[in-house]
Each structure stands twice: as C-alpha cells, then as structure tokens.
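Q: This is the structure I want to talk about, given as structure tokens.
In this note's numbering, the protein residues as written are 587 to 784.
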C-alpha cells in the first residue's frame, strides 16, 4: 500500500526533478488506509507492505503502523513490512521495531557518494547507510533492493554483492520499470538482468 506519492529524493529512474504531486485532498487519509487494510485482512491478506514515495515522510506514519500492529492480536495479519530509501531510518528504526516491523526493504543503487547524489539528484549516501545500521542495531532484518541502471552502476555489482555479504544482508537486483514521469526515456536506462547475471 502506497501511503504517499511524495519522496525526499528524486531518483532519476523514478521521478522528474520537478514533480507535480497529487493534491493532499486526493491522498487517502491514514484512517482510510487503515480501513482499506481491514478489508484486505478480512479477505485473507496476512502481510501488508507500506511503500511510497517514501513512506517515512508521511506525517504520523508510526500511528498507522502501531494500529496495524495491534491487529495481529485478533486477526490473521502476521506481518507488516516497509520499503524505504533509508534516509529517515536512523530516526525511525527504534519506533518501527517497537511497533512490529521486523523486516524492511531498503533501496540502494550505489556505494559511491558522488554517484548516489547523482542518481538521487540531492541525496546523502551517509544518511541511508547510517539508517541501515540503525535498523540492524534494532534487530530489523534488512533486504537491499538495487536498480541496475545503464551506464551508471553495472560495474558496481560485485562491490554491492560483497558489501551485502559482509553485512549478512539479502540483496535483490531489479530492472528499471516502465514508469512514466521521468526525465529520461526507458531505453536509455534499461539493463536486462540476464546480461548482469551472465
């Protein structure tokens, strides 16, 4: 469930640099999202993943997570997970763990500071790396998602694998998805994972 279309980064394969976001009145309230989750749970859904945009920039997101966590006591809901860019994990990791988040996915496409800033347009790699460490300190299992991006990070695949292995983190490589609203055509970004794994 996407809790917001907004993000504190502007990754070149995901968003335009100057995005036009939905008016806030058109975004589901946290109460509406919770009711939607209730419907899913009644239909047998046992795992809910919160995404964005960047879910941790959504105001009062911890309240939603707390309310969902309470549902584990009297419904068939078993797990709440989160997909994040990691920039706010240092601030939120303790609260996430306290409210039932035991596993998260973190988007990380490079371990080189300059390239991180380039692909996110203005991100700080240290924020994400420190967030990952804070999550680990709080016993949250972290899986890394890496988008393979043409002429950008193909040569860093081995470094990312080694770094993830050293930290005992799962790592998944992802092809660029055919989304709209970026400033670059998809064929200029796409690398087949068949090529990477060969």
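In this text, a Cβ means the ideal position worked out from N, Cα and C, and glycines have one as well.
Can you give the beta carbon distance from residue 672 to residue 588, rounded, assuming they're within the 8 Å contact cut?
A: Between residue 588 and residue 672 the Cβ distance is about 17 Å, and since that is not below 8 Å, they are no contact.
Q: If you compare alpha carbons, which of 759, 760, 593, 758 is closest to residue 670?
A: For residue 670, the nearest C-alpha among the options comes from 593.
Q: Taking 8 Å as the cut-off, decide whether the C-beta atoms of residue 732 and residue 746 are in contact.
A: Taking 8 Å as the Cβ cut-off, residue 732 and residue 746 qualify as a contacting pair.
Q: Quick one: give me the first and last residue of the beta strand (DSSP E) that residue 732 is part of.
A: 727-734 is the extent of the beta strand (DSSP E) around residue 732.
Q: How far does the beta strand (DSSP E) with residue 654 in it extend, from its first residue to its last?
A: Unbroken run through residue 654 is the alpha helix (DSSP H), 647-656; no beta strand (DSSP E).
Q: Tell me residue 750's beta-bridge partners as DSSP assigns them.
A: Looking at the DSSP assignment, residue 750 forms no beta bridge with any residue, so it has no partner.
Q: Any idea what DSSP makes of residue 610, helix, strand or coil?
A: Three-state result, residue 610: helix.
Q: At a cut of 8 Å, does the segment 698-715 reach the segment 612-631 through at least three beta carbon pairs?
A: Not touching, per the Cβ criterion.
Q: Please give me, in chain order, every unbroken run of the alpha helix (DSSP H) with length at least 4 that falls completely inside the segment 656-736.
A: Runs found: 675-684, 699-706, 711-723.
Q: From residue 678 to residue 736, what distance separates their C-alpha atoms?
A: Each residue's alpha carbon lies about 33 Å from the other.
Q: So, at 7 Å on beta carbons, what are the nonlocal neighbours of residue 680 in its own chain, with the 5 sequence-adjacent residues on each side left out?
A: Within the same chain, residue 680 has close Cβ partners 724.
Q: Between the beta-carbon of residue 650 and the beta-carbon of residue 618, is there less than 8 Å?
A: Not in contact: residue 650 and residue 618 (Cβ atoms no closer than 8 Å).
Q: Is residue 639 close to the ligand GTP? I mean its beta-carbon at under 7 Å from any heavy atom of the ligand.
A: Although the ligand GTP was asked about, the structure shown includes no ligands whatsoever.
Q: Just how far apart, CA to CA, sit residue 690 and residue 727?
A: Straight-line Cα distance between these residues: approximately 6 Å.
Q: Which same chain residues end up closer than 7 Å to residue 695 when comparing Cβ atoms and leaving out the 5 residues on each side of it in sequence?
A: The residues are 705, 732, 733, 735, 739.
Q: Considering only C-alpha positions, which residue in the set 641, 637, 663, 730 is nearest to residue 749?
A: Of the listed residues, the one whose Cα sits closest to residue 749 is 730.
Q: Which class does residue 621 belong to by DSSP, given the choice of helix, strand or coil?
A: Residue 621 falls in the helix class under three-state DSSP.
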